[in-house]
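Protein chains in written order, with our numbering: chain A, 130 to 505; chain B, 215 to 378; chain C, 61 to 266; chain D, 1413 to 1793.
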């Protein structure tokens, strides 16, 4: 495997610029330019900037994709007139929300009101530094990247509840309560489903997990875990049928009722960032990540961004399934949702763990590699 | 009108005049219904009970108030699933302080109808559980469906808007 | 640097012809200097931070030419109306978001919370009972915001203008940008009104 | 969480109109409700006293804006009774046809709004799409999508245009297919059944006591339908079944409305057959000029003449898409009605809100209120 990663690219870029500058400038005064600490800091910054830009653009395209797809499910066209096929629609929305004036409702708690969306956004973006999008698109080897990603992912209920409480609005308070209950209820099955993957792969490193899926996708032997994970992710992302916290019909826009302008944009963007993360995780854990099927000619596999392309393709297909679900299912009720979570999903995920353990014990996993058309 | 309906009408008239020798003022024919009972407001509650329990008019469809300038009429329209027809009950009230016993104890659906009639036609329903404004803002002091209340083009009125 | 900063605002240039006495040809054929240049020259002599004043003028120009068009473009293309149905026109309002007219093509997406909206479409009869709630909703919307009076009732009371309970025109309560005629206006008319508003936003200078 | 009052309205996605549902909740449990009406009170009954009979129709269209044709029919029936006018047979059939089309339009609109309440997004668009087809038909013979002003004292304004009947038949076929699709989307979904079964239950005895009418009453198993019990227009000559269900819950109301849609198509087909076979005038002849046939009087001289027209009173009842609606029209011999009293079915259905909302959860309020099918225009008038 090549060692060219996103971080190494950023690092190389910084090193080249700094050494170039250093070579033309007087050495006596500019020795600090080639200080390794400075290079490290700058590389991390550049890495972060690239990552942020890539994830933001991806998210905005994801919103566009959802709007267009949802339009098609609804027998209409979605955004059309801003840019080609409405591609610039979300940029217009973003700039407009940036332009709106900021305010704080009179009774709102100032710190919570401003801090919650920011923290929500920051934690969502943070996960992108952890998730590998291809063998090169990583910060570097992270042996516990899966665990770290899930930990950061589960911060959200805290911030949602903080924002819901600090708005001093009854609707958002109800929404926040629901959201917290829902997210905590669905953390458990998600983690248990991940345990099944970990049992089979024996590692918490996402890159290794993907590499192990070269022959077969984990989604096939761990089908039960896949179902549990996708359902749990739907709940974590607060999408229909589990979008109770934002239930438009009874709670006016749910827990972000009082937010407008840029803070609302933060919430909106974070929601889609989390949707993107959820799709990423499904692809990484169960659908073979960036590994390409065997029928792809090797000349294409060798192309520099082929792995990234396949990964994004899979992600968008998975997200398309989420949109499909959103277009065709009604919303469940809070008690039903919690009952599904605790009484269906948790036993199912335990079953998935047992199945995974049996598969490992019976040593029948390598057999699956012989199935045609399944994996690499 | 069908013969059976006419028969029922005559039967009803006989029974009611026997039951209420003074308060029952007559049963007028009214096209498409079993007729219109005129009654004295003093016997309102007993009449409602009688109509519902004995004659099986269990559905109160409408309560209407009409301002005849010198009098006010209050009109109840009831429906019977047994007889399949409407019956009108009408009482004339004086124009000064018109009031009648509420029908909510007999037909709970009268609640909002009477609130509406109270605020629009200014007929008070005694012992109503919740007589407050329904359609008009709380504290509106006019009764728009009285004949004395005239409508104006907006240009004839001065509109003062106070931002609150 | 001094503690206080004064900004020089260019005054509108007075008409040159008006300076000449009536009935007499002006002697000077050369055009006079633009007024604000004279101001600047004088300012350079007397005001120490005239350069900054000039810089602020340039910044204003840049805002005029670069930033404002972008903001106006964004505001024009992303109007979020408030999801609020008042009366008859609300049904046509909903139809405009249906499959046949699909107002989302223009980036118009209704939101339920006034905080996230920038367009109040008054789609129906406004009564005095709901008037102060309408004003509250309008005030809850963050700036910049616009109002469309959809239909005859919102414009001037419509068939109910003589009624005792109806506000004869919502412009008595909130400032209205676009009026749409019709009782109720067809969804095409609503879309036309929205496009008209978009033109107004595009030409906005503020 | 302690108890608190929340205001659902006047600007709230649940209300589908301009009213306010004050709810006292404990956590998610509803303890007490208090509907607050009057935000759309436009004084239609008062304005009617200042208008010519044919001008009142303008107001009737706007009384209930999703069922304008039904309210026109209602008022015209009362006015004709009060003015002692009998419309020709063909006008009655056209009115029956129009009312059934309006019922389809209203119920499909209800479907669109109701499924949105429980979170189904796409069917809202499907409902609006199919409603537009019905509105196109209305437009082809009345000229308007929602506010028709089509009925007149003594008949209807104009006859059906050529080619209408074939078009209407095609729309009927298309709609029947779509109704099946609606059922597949809703009844075929487990989540839908979970959300709606056993919700907002109001048993037959309670319904009757609370004065509830329409699909809500029939969903409790009471077979009361004004079209059958007290036929008006041409309903005594068409065949149809009264849709009833026995669940008395939200699902039952859904089933009743869906069955009514199918029955409406059945009635419309019979009407179309009759109208194809029987040409004739759609307007009564020899009407006094002030009655403004076939158009509303433009010049004043038409009805400023002194007349000695008989006084009269009319009580009309129709089965509006939402339930039993009544109009009481008093004619004192002038060109204006002396008093028009309208009774809206939703008015009483809403007044019983505490019977079917208390004890359920906040998340249940939108589906229950959706199944009541609130149109505030006719409640507040």
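Just so you know, even glycine gets a beta-carbon here, dropped at the ideal spot from N, CA and C. All values derive from a computational prediction rather than experimental measurement.
- Residue 203 of chain C and residue 231 of chain A have their C-alpha atoms spaced approximately 9 Å apart.
- At a cut-off of 9 Å between beta carbons, residue 253 of chain B makes no contact with chain C.
- Pairwise C-beta distances place the stretch 1488-1503 of chain D out of contact with the stretch 1766-1784 of chain D, as fewer than three of them are shorter than 8 Å.
- Inclusion of residue 1524 of chain D and residue 1543 of chain D in the CB contact set at 9 Å is warranted, their separation being smaller than that value.
- Looking at the DSSP output, residue 294 of chain B sits in a beta bridge with B:299.
- With a cutoff of 9 Å on beta-carbon distance, residue 147 of chain C and residue 184 of chain C are scored as near each other.
- Excluding residues up to 5 positions away in sequence, 1632, 1633, 1634 lie with their Cβ nearer than 6 Å to the Cβ of residue 1616 of chain D in the same chain.
- Look at the beta carbons and you see the stretch 304-323 of chain B not touching the stretch 1661-1670 of chain D: under three pairs across the two are nearer than 8 Å.
- Not a single unbroken stretch of the beta strand (DSSP E) spanning 3 or more residues falls wholly within the stretch 263-337 of chain A.
- Within the stretch 458-469 of chain A, those residues whose Cβ lies closer than 8 Å to any Cβ of chain D are, in chain order, 458, 459, 460, 461, 462, 463, 464, 465.
- Put simply, of D:1690, D:1776, D:1447 the residue whose alpha carbon is nearest the alpha carbon of residue 325 of chain B is D:1447.
- Secondary structure at residue 1473 of chain D: helix, using DSSP grouped into helix, strand and coil.
- Contacts with chain C at 9 Å (Cβ-Cβ) include residue 205 of chain A.
- Between the stretch 138-154 of chain C and the stretch 215-229 of chain A there are three or more inter-stretch CB-CB distances shorter than 8 Å, so the stretches are counted as touching.
- At a cut-off of 9 Å between C-beta atoms, residue 201 of chain C counts as an interface residue with respect to chain A.
- Linking residue 208 of chain C to residue 1428 of chain D through their CA atoms gives a straight-line distance of about 20 Å.
- Excluding its 5 nearest sequence neighbours in each direction, residue 145 of chain C has C-beta neighbours in its own chain below 8 Å: 151, 153, 154, 183, 184, listed in chain order.
- In this structure, the CA atom of residue 244 of chain B is about 54 Å from the CA atom of residue 463 of chain A.
- When A:268, A:264, A:244, A:243 are compared, the shortest CA-CA separation from residue 255 of chain A is found for A:268.
- Identification of residues in the stretch 1413-1432 of chain D having a C-beta nearer than 7 Å to some C-beta of chain C yields 1422, 1423, 1425, 1428, 1429, 1430, given in sequence order.
- Taking 9 Å as the cut-off, the Cβ atoms of residue 1725 of chain D and residue 1494 of chain D count as close.
- Non-local C-beta neighbours of residue 1420 of chain D in its own chain, meaning closer than 8 Å and more than five positions away in sequence, comprise 1426, 1427, 1432, 1433, 1434, 1435, 1777, ordered along the chain.
- The stretch 136-144 of chain A and the stretch 184-191 of chain A do not touch, with fewer than three beta-carbon pairs separated by less than 8 Å.
- The beta-carbon of residue 300 of chain A is placed less than 9 Å from the nearest beta-carbon of chain D.
- Against chain C, the CB of residue 209 of chain A has a partner CB under 9 Å away; the residue lies at that interface.
- Taking C-beta separations shorter than 6 Å and ignoring five residues to either side along the sequence, the partners of residue 214 of chain C in its chain run 182, 230, following chain order.
- Selection D:1601, D:1492, D:1729, D:1628 evaluated against residue 1768 of chain D yields D:1628 as nearest (Cα-Cα).
- Counting only Cβ-Cβ distances below 8 Å, residue 393 of chain A has contacts in chain C at 175, 176, in chain order.
- Taking 4 residues as the shortest admissible run, the stretch 381-428 of chain A contains the following complete alpha helix (DSSP H) segments, listed from N- to C-terminal end: 390-415.
- For residue 135 of chain C, the neighbours in chain A by C-beta distance under 7 Å run, in chain order, 225, 228.
- A distance below 8 Å between beta-carbons, with the five flanking residues on each side excluded, links residue 448 of chain A to the following residues of its chain, in chain order: 191, 194, 195, 404, 405, 408.
- Exclusion of the five residues before and after residue 295 of chain B leaves 270, 272, 273 as the residues of its chain whose Cβ lies within less than 8 Å of its Cβ.
- Assigned with DSSP and collapsed to three states, residue 239 of chain B falls in strand.
- In the three-state DSSP reduction, residue 229 of chain B falls in the helix class (H, G or I).
- By the criterion of a C-beta distance shorter than 6 Å, residue 140 of chain A is surrounded in its chain by 172, once the five residues flanking it on both sides are discounted.
- Residues of the same chain with a CB within less than 7 Å of the CB of residue 1686 of chain D, apart from the 5 flanking positions on each side, are 1505 in chain order.
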